[in-house]
Amino acid sequence: MICYDRLWKTLIDRHMNRTALRDKIGISNATLAKQGKNESVNLKIIESICRELQCRIEDVVEIFT
């Protein structure tokens, strides 16, 4: 299972909301909705998020087995 709770916490820590992130990296509402439902998204999107937030992938996504 994929979990984006770390992304939401990182956004809070950086005083940024989901819409601002979406606008900065140019992802769609559908992609943001997928993340909100802990569904998988393209790794390129995760990379863009990490670059924008200047963080590691571990600060964005967690995978449970």
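In my numbering, the protein residues as written are 14 to 78. Beta carbons are placed, not taken as given, at the ideal position from N, Cα and C, and that holds for glycine.
Item to check | Within 7 Å, strictly: CB atoms of Val73 and Leu24 | outcome: no
Checklist entry - Under the rule that 16 or more other beta-carbon atoms within 10 Å means buried, what is Gln67, buried or exposed? => result exposed
Checklist entry - Between Leu45 and the rest of its own chain, which residues show a CB-CB distance below 7 Å, the 5 nearest in sequence each way excluded? => result Arg31, Arg35
Next on the checklist: Only counting the same chain, and skipping five residues up and downstream in sequence, which positions put a Cβ closer than 6 Å to that of Cys16?
Outcome noted: Asn51, Glu75
Checklist entry - Which same chain residues, not among the five before or five after Val54, have their C-beta less than 7 Å away from its C-beta? => result Thr44, Lys47, Gln48
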